[in-house]
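Protein chains: 2
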Amino acid sequence: MAFSIGNIEDVLAKNAGLINGALDSLLPQGDAGHSVIYDAMRYSAMDGGKRIRPYLTLEFCRLAGGDVTAALPYACAVECVHTYSLIHDDLPCMDDDDMRRGKPTSHKKFGEANALLAGDALLTYAFGLIAENPFADAERNARAVSVLASAAGHDGMIGGQVLDMMYAEREAALEEIVEMERKKTGELIAAAAALGLVAADAPEEMFASARTYAFNIGLSFQLIDDILDVDAGDGEATVMSVLTVDEARGLAAELTAAAIDAVVRYERAGDLVALAKWLLHRNA
Amino acid sequence: MAFSIGNIEDVLAKNAGLINGALDSLLPQGDAGHSVIYDAMRYSAMDGGKRIRPYLTLEFCRLAGGDVTAALPYACAVECVHTYSLIHDDLPCMDDDDMRRGKPTSHKKFGEANALLAGDALLTYAFGLIAENPFADAERNARAVSVLASAAGHDGMIGGQVLDMMYAEREAALEEIVEMERKKTGELIAAAAALGLVAADAPEEMFASARTYAFNIGLSFQLIDDILDVDAGDGEATVMSVLTVDEARGLAAELTAAAIDAVVRYERAGDLVALAKWLLHRNA
Numbered sequence: 000m001a002f003s004i005g006n007i008e009d010v011l012a013k014n015a016g017l018i019n020g021a022l023d024s025l026l027p028q029g030d031a032g033h034s035v036i037y038d039a040m041r042y043s044a045m046d047g048g049k050r051i052r053p054y055l056t057l058e059f060c061r062l063a064g065g066d067v068t069a070a071l072p073y074a075c076a077v078e079c080v081h082t083y084s085l086i087h088d089d090l091p092c093m094d095d096d097d098m099r100r101g102k103p104t105s106h107k108k109f110g111e112a113n114a115l116l117a118g119d120a121l122l123t124y125a126f127g128l129i130a131e132n133p134f135a136d137a138e139r140n141a142r143a144v145s146v147l148a149s150a151a152g153h154d155g156m157i158g159g160q161v162l163d164m165m166y167a168e169r170e171a172a173l174e175e176i177v178e179m180e181r182k183k184t185g186e187l188i189a190a191a192a193a194l195g196l197v198a199a200d201a202p203e204e205m206f207a208s209a210r211t212y213a214f215n216i217g218l219s220f221q222l223i224d225d226i227l228d229v230d231a232g233d234g235e236a237t238v239m240s241v242l243t244v245d246e247a248r249g250l251a252a253e254l255t256a257a258a259i260d261a262v263v264r265y266e267r268a269g270d271l272v273a274l275a276k277w278l279l280h281r282n283a
Numbered sequence: 000m001a002f003s004i005g006n007i008e009d010v011l012a013k014n015a016g017l018i019n020g021a022l023d024s025l026l027p028q029g030d031a032g033h034s035v036i037y038d039a040m041r042y043s044a045m046d047g048g049k050r051i052r053p054y055l056t057l058e059f060c061r062l063a064g065g066d067v068t069a070a071l072p073y074a075c076a077v078e079c080v081h082t083y084s085l086i087h088d089d090l091p092c093m094d095d096d097d098m099r100r101g102k103p104t105s106h107k108k109f110g111e112a113n114a115l116l117a118g119d120a121l122l123t124y125a126f127g128l129i130a131e132n133p134f135a136d137a138e139r140n141a142r143a144v145s146v147l148a149s150a151a152g153h154d155g156m157i158g159g160q161v162l163d164m165m166y167a168e169r170e171a172a173l174e175e176i177v178e179m180e181r182k183k184t185g186e187l188i189a190a191a192a193a194l195g196l197v198a199a200d201a202p203e204e205m206f207a208s209a210r211t212y213a214f215n216i217g218l219s220f221q222l223i224d225d226i227l228d229v230d231a232g233d234g235e236a237t238v239m240s241v242l243t244v245d246e247a248r249g250l251a252a253e254l255t256a257a258a259i260d261a262v263v264r265y266e267r268a269g270d271l272v273a274l275a276k277w278l279l280h281r282n283a
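Those sequence lines, one after another, are chains A and B. Going by numbering that gives the first Met the number 0, the letters in the first sequence line up with residues 0 to 283, in that order. Going by numbering that gives the first Met the number 0, the letters in the second sequence line up with residues 0 to 283, in that order.
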């Protein structure tokens, strides 16, 4: 079976439209005279991006033959968690970034205290969105909360962030950097995929496939990012401190093949395969 | 029926023991060489205090004839959310406090970035604890997540925090201050009580009673705090900027009476009545 990257950019754009529409209707809307927290939540959550994480939620729901209506609130919750992590990462006590996606970061726009609270509010809101998803039953909603909390928490995304700060202060081995990336970005990507399966009430064996696919595209994506940063002369402490560009490209290709291998047997896997290839070849 | 304050301090101490034991076993425990996030989460969550919020979860569960085993994970989740809010409130971009309960605040002990992440991790963990509560079914767990997310979020605790920052910059009327306090502290106290009822699968009519009780003791508690601060010469912009001490004491007594009135008809309300009286009369 041959798949081409073909129209994956169109597919992503269409799904981003669906996700943006859902976020716009689900994010709290203040009355006249509402507090700044409403604006700060929307400012960051509605700022675009390719919406790859929530797309994975929708696509894995489709892969399992589910109705994406049930997956949309989960997809929005994943994006809220991703957005909160960016807001907090940008704060002066973390990366101290002034700009994100061509506009001022939340604390530059609203001040540090409001940015802190907007991140807290998006994280909190994400769990409420899931728990109150009217298109799934309580079993699925409770499981989805558990999946997301575990992926975002002290042993997932936050744990990876802590490792990242630790490795900024000492040399780290390739294995350690991979483990850090797996936690820092891979766990949330894996949760995004898993939530689509939860929404579809998919058979358990699909969860392992989704996890393999997600971790591999996540790590490949990070490698390509790191390679592009090296090409651009921006030398952070990443996997590029222990790999040559050729080695990193080879590893990214292997990871992509493993990702494809994990899902290719499913009938509706075409877009997931195309996404994996597209992530590998972007800007390279 | 006459209730005395009697042994409410013993009751609180016994329940705090139960809650501390549950927190100790439920909070993540790192392996040797674990990351600092484990220590930072425990440092703040295990720092004592009277545990009044989680006590309310247990006591409202008992009030409804429930088994506190099912309520304990919810109670711990409430305390994790309370703890996260204190860690973030203490940060330099918020209140910039160096000490809390006689020891250095989280960011003084672990640095700002780790304190930020420890708060994030406790908030995240709280929702996982609820969703995975093995002593309640998925219906109750999903409802409990929803109750807590709503109370802690942009229209609850975080919303109150934003109002508080707003009123630090301009005069606020009594009504506005009461609304701010209701959100900033009342909503989480009300959620603590409601979660006990969720755990016990209590009849709907009890939820309104719990809410009335919780808001009234919460506001009364805040008034007494504000009065004690005035007595100590510490003049923040609180309800004391618009009320005399006598007016504030009168209002606190009225609120306490209303709280007691909301629960006194229930057979097992003795300790809740004693708590309301005890909170009114402490240190005064």
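Even glycine gets a Cβ: it sits at the ideal position worked out from N, Cα and C.
At a cut-off of 8 angstroms between C-beta atoms, H87(B) counts as an interface residue with respect to chain A. Going by C-alpha positions, L62(A) is about 6 angstroms away from A268(A).
At least one beta carbon of chain B lies nearer than 8 angstroms to the beta carbon of G127(A). Of all residues in the stretch 95-110 of chain B, none comes within less than 7 angstroms of chain A when Cβ atoms are compared. For H106(A), the uninterrupted alpha helix (DSSP H) run begins and ends at S105 to F109, by DSSP.
In this structure, the beta-carbon distance from L222(B) to A247(B) falls below 8 angstroms.
Distance from the Cα of R100(A) is smallest, within the candidate group V35(A), G47(A) and E168(A), for G47(A). Selection A120(A), L122(A), E203(A) and Y83(A) evaluated against T104(A) yields Y83(A) as nearest (Cα-Cα).
Look at K102(A) here: in three-state DSSP terms it is strand.
Under the DSSP assignment, S145(B) falls in the alpha helix (DSSP H) whose first and last residues are A137 to A151. At a cut-off of 8 angstroms between beta carbons, P133(B) makes no contact with chain A. Counting C-beta atoms within 10 angstroms of its own C-beta, P202(B) has fewer than 16 neighbours from the protein chains shown and is therefore classed as exposed.
Scanning chain B for C-beta atoms nearer than 8 angstroms to the C-beta of E253(A) yields nothing, as the closest lies near 29 angstroms away. For L85(B), the uninterrupted alpha helix (DSSP H) segment begins and ends at V67 to D89. In the DSSP assignment, L242(B) falls outside any alpha helix (DSSP H) and carries neither an H nor an E.
Going by DSSP, K276(B) is part of the alpha helix (DSSP H) stretching over G269 to H280.
Restricting attention to A258(B), A256(B), A213(B) and A190(B), the CA atom closest to the CA of L147(B) is found in A190(B).
Taking C-beta atoms as the reference points, R139(A) and D200(A) count as a pair closer than 8 angstroms. The CB of T123(B) comes closer than 8 angstroms to the CB of L122, A148, A151, G152, H153 and I157 in chain A, given here in chain order. Selection G118(A), V144(A) and A114(A) evaluated against L128(A) yields V144(A) as nearest (Cα-Cα).
In this chain, V263(A) is not harboured by any alpha helix (DSSP H), its DSSP state being neither H nor E. When 7 angstroms is used as the limit between beta carbons, C75(A) is near no residue of chain B, the shortest such separation being about 14 angstroms.
For V177(B), the closest Cβ of chain A is not nearer than 8 angstroms. Of all residues in the stretch 12-39 of chain A, only P27, S34, V35, I36 and Y37 place a beta-carbon less than 8 angstroms from a beta-carbon of chain B. Nearest to A198(B) by C-alpha distance, out of L187(B), N132(B), G217(B) and A172(B), is N132(B). With distances taken between CA atoms, K182(B) lies nearest to R210(B) out of L122(B), R210(B), D96(B) and F206(B).
Within 8 angstroms of the CB of V161(B), the CB atoms of chain A belong to S34, V35, I36, N113 and L116, in sequence order along the chain. Taken through DSSP and simplified to helix, strand or coil, G195(A) comes out as helix.
Contact annotation for C92(B) against chain A: E111, A112 and L115 [CB-CB distance below 7 angstroms, chain order]. Only residues of its own chain outside the window of five on either side were considered, and among them A150, G155 and M156 have a CB closer than 6 angstroms to the CB of E186(A), listed in chain order. In the DSSP annotation of this structure, the continuous segment of the alpha helix (DSSP H) that includes N19(B) starts and ends at I7 to L25. Collapsing the DSSP output to three states places S34(A) in coil. Chain B has a Cβ within less than 8 angstroms of the Cβ of M164(A). If you draw a 10 Å sphere on the C-beta of K102(A), you find fewer than 16 other C-beta atoms in it, and that means exposed. By the beta-carbon neighbour count (other beta carbons within 10 angstroms, threshold 16), N113(A) is buried. Proximity of D119(A) to chain B, defined by a Cβ-Cβ separation below 8 angstroms, is satisfied.
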